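Reminder that position 174 of the sequence shown reads as 174 in UniProt numbering, one-by-one numbering, no gaps.
Okay, structure first, notes after.
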Amino acid sequence: MNYVIGLDIGTQGTKAVLVDSTGKVLAHCYKGYDVETPKPSWAQQWPEPWVEATIYTIKGVVNSSNVPVEEIKGVAISSLYGGSGIPVDDDMNPLAPCLIWMDRRAEEEVAWVEKNIDLDELFEVTGNHVNSYFGFTKMLWIKNNLPDVWKKTKYFLPPACYVVYKLTGDVAVDLSSAGNIGGVFDLKNRTWSKTMQDKLDIPNSFFPERLVECTEVVGGVTSGIAELTGLKEGTSVICGGVDAVVATIGAGVFSEGSHVAMMGTSMCWGFVTEQPNLSEKLVSMPFAIDSKSKIYTFGGAATAGVVLRWFRDTFGELELQSEKQIGIDAYTLLELKAKKIGPGADGLVVLPYFMGERSPIWDSQARGTVIGLSLMHTKAHLYKAFMEGVSYALRHNIELVETTSANLNREIIIVGGCSKSLIWPQIFADVTGRPVRIIQDDVEAPLADALLAGLATNVFQDEGSFSNWLTFKETIQPNLENTKKYDLYFEQYKEIYNNLKENMKILNQISAK
1 MNYVIGLDIG
11 TQGTKAVLVD
21 STGKVLAHCY
31 KGYDVETPKP
41 SWAQQWPEPW
51 VEATIYTIKG
61 VVNSSNVPVE
71 EIKGVAISSL
81 YGGSGIPVDD
91 DMNPLAPCLI
101 WMDRRAEEEV
111 AWVEKNIDLD
121 ELFEVTGNHV
131 NSYFGFTKML
141 WIKNNLPDVW
151 KKTKYFLPPA
161 CYVVYKLTGD
171 VAVDLSSAGN
181 IGGVFDLKNR
191 TWSKTMQDKL
201 DIPNSFFPER
211 LVECTEVVGG
221 VTSGIAELTG
231 LKEGTSVICG
241 GVDAVVATIG
251 AGVFSEGSHV
261 AMMGTSMCWG
271 FVTEQPNLSE
281 KLVSMPFAID
291 SKSKIYTFGG
301 AATAGVVLRW
311 FRDTFGELEL
321 QSEKQIGIDA
331 YTLLELKAKK
341 IGPGADGLVV
351 LPYFMGERSP
361 IWDSQARGTV
371 IGLSLMHTKA
381 HLYKAFMEGV
391 SYALRHNIEL
401 VETTSANLNR
411 EIIIVGGCSK
421 SLIWPQIFAD
431 VTGRPVRIIQ
441 DDVEAPLADA
451 LLAGLATNVF
461 QDEGSFSNWL
471 TFKETIQPNL
481 ENTKKYDLYF
491 EQYKEIYNNL
501 KENMKILNQI
511 SAK
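See below:
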């Protein structure tokens, strides 16, 4: 029997699974860590916790599965969107933290790009527009604010690519991660764009020449890593790409039609297409399978599950205490109360823009908003409204794509921590008016990473058998009476942002003084 390991480096933790050649998960392991937020709108991470978590989780699945290590043929690693990536010096040592997808500090750099770069050309070449979400604007921030780091930088490496280097000693960037940087990658030709790099004044040398597909072996595990993880020296390592792309594969999606909402810390709702440049309000990059012909396009909310985590930590002290005393998860306790609240939370609307917002509004200065509060509202009302706010964000992105030539099925597949909620999947169905499908045993990106590892090492011949690995729960149908109410609230959701966006901008300016 042959085995593979799939591993995903997430924003708040790393997960690994060990899978046999039939797709059966034999072991899984998780290790968490934190995001540094030293200033408003800043979000950064040093790579050491990613490397430590990678070693810890690989060792965990190797030890707990007790399979012969010589039969573990490969490890594929995906990761969060790393924004700037990690600037490393000539000795491959990190020079500064990675400015991750959540970071919004590069507003002046965005303004410079908008003034000095032909945005139509930028979109035509890269398939993407400009926003402080994209890695190339974060790189420009480092150039302008950390000149010593800029001078010493050899490469900017995306998270998964950096960790793959630490495991193998080989430097490469997968096409998925390269495309998600935006600005410096030619989406149509699947290569770095020297033209755009020159116009942005970002040296071509910052980007490794070796570009690989996500089903291509980068290198083998070194002796030192073999000793730390329990793997056999030389075990193949694959760079699996950006987690949203890989999570889409994890839902069994390989071609246009099906669409998947990955609901983790943030939300990435996306689909596979062969149509480049669908909309400048979407994000596009090469898909993780058939990377040279297929594109993954998505719309995303900057905050999803993380706003409920914030709510729990800020207002859920009682529920957290009860969790310790009676062993029932604090989220579950909050949901049991929120379940009794009707659609629209008795007139509450939440804009979940806690770290600015990505598509479709692309406003880094947008901020979280609760409107409609009265003395009759309770914590349960607020919790329900927060769940609804993220659901409106999903509908907002779907509404955008419905104006393009993309051909999407009616059903939405939802993966990630939010899919395990008692009531949130039904809220997603009711708000969007679309059926929702949930995978029975949702391991998200790591299971798809295992598929990529298997394809790269010939443990699996093609992706066709992957769908047999998945079992879906009964489809959740929308309550159309609730949808009618949500239609009205959704219009207000959009209108409230339009009415308040200037106030949000002014408040940001005041707080920055």
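Built from N, CA and C at the ideal position, the CB exists for glycine as well.
Given the structure is predicted, the values throughout are model-derived calculations rather than measurements.
Rounded to whole angstroms, the separation of the alpha carbons of Q325 and G316 is 14 Å. Around the beta carbon of F207, 16 or more other beta carbons lie within 10 angstroms, which makes this residue buried. Taking D89 as reference, the option from G82, G83 and P97 with the minimal CA-CA separation is P97. Going by DSSP, H377 is part of no beta strand (DSSP E) at all; its letter is neither H nor E. A distance below 6 Å between beta-carbons, with the five flanking residues on each side excluded, links Q197 to the following residues of its chain, in chain order: V184 and N204. Here the segment 376-393 lies against the segment 340-351, with 3 or more beta-carbon pairs under 8 Å apart.
If you look at W42, you'll find it isn't in any beta strand (DSSP E); DSSP assigns it neither H nor E. Around the beta carbon of I414, 16 or more other beta carbons sit within 10 angstroms, so the residue counts as buried. Among the bridge pairs identified by DSSP, R437 is matched with I413. Nearest C-alpha to I249 among W192, I225, T215 and L278: T215.
Rounded to whole angstroms, the separation of the alpha carbons of V390 and Q12 is 19 Å. Leaving aside the five residues that flank A304 on each side, the residues in its chain whose CB is nearer than 6 Å to its CB run, in chain order, M263, S266, M267 and V390. Comparing alpha-carbon positions, the option among V218, P68, F271 and Y3 lying closest to E402 turns out to be F271. In the structure shown, T137 adopts helical secondary structure according to DSSP, grouped into three states.
A residue is called buried when at least 16 other Cβ atoms come within 10 angstroms of its Cβ; F472 does not meet this threshold and is exposed. Burial state of K73 is buried, judged by a 10 Å Cβ sphere holding 16 or more other Cβ atoms. Cβ-Cβ distances below 7 Å link Y392 to V431, F490 and Y493 in the same chain, with the five nearest sequence neighbours on each side left out; the list follows chain order. For C161, no beta strand (DSSP E) run applies; the uninterrupted alpha helix (DSSP H) run containing it begins and ends at P159 to T168, by DSSP. In this structure the segment 453-471 does not touch the segment 360-378; the number of beta carbon pairs closer than 8 Å is below three. Between the beta-carbon of E319 and that of L333 there is about 4 Å, and that keeps the pair under the 8 Å contact cut. In the three-state scheme derived from DSSP, where H, G and I count as helix and E and B as strand, S266 is classed as coil. Cα atoms of I328 and A338: separation of roughly 16 Å, rounded to the nearest angstrom.
Scanning A43, L119, A251 and S132 for the CA closest to the CA of G416 turns up A251.
Secondary-structure assignment with DSSP links I86 through a beta bridge to L157.
For D148, the number of other beta carbons within 10 angstroms of its own is below 16, and it is reported as exposed. A Cβ-Cβ contact shorter than 8 Å links I9 with P159. Taken in chain order, the complete beta strand (DSSP E) segments of 3 residues or longer contained in the segment 289-372 are 295-301, 349-351 and 369-371. In the three-state reduction of the DSSP assignment, K24 falls in the coil class, being assigned neither a helical nor a strand state. Setting aside the 5 residues that flank it on each side, V25 is surrounded in the same chain by V17 and V19, each with a C-beta closer than 6 Å to its C-beta; the list follows chain order.
V171 and V69 have their C-alpha atoms some 25 Å from each other. Judged by DSSP in its simplified three-state form, G250 adopts helix. For P286, the three-state secondary structure derived from DSSP is strand. A check of alpha carbon separations from G372 across K379, Q365, V349 and A366 identifies V349 as the nearest.
Out of F354, G300, K484 and S279, the CA that lies nearest to the CA of F311 is found in F354. For V218, same chain residues with a beta-carbon under 7 Å away, outside a window of 5 residues either side, are V164, T168, D170, A172, V212, V237, I238 and C239 in chain order.
DSSP places S223 inside the alpha helix (DSSP H), whose first and last residues are S223 to T229.
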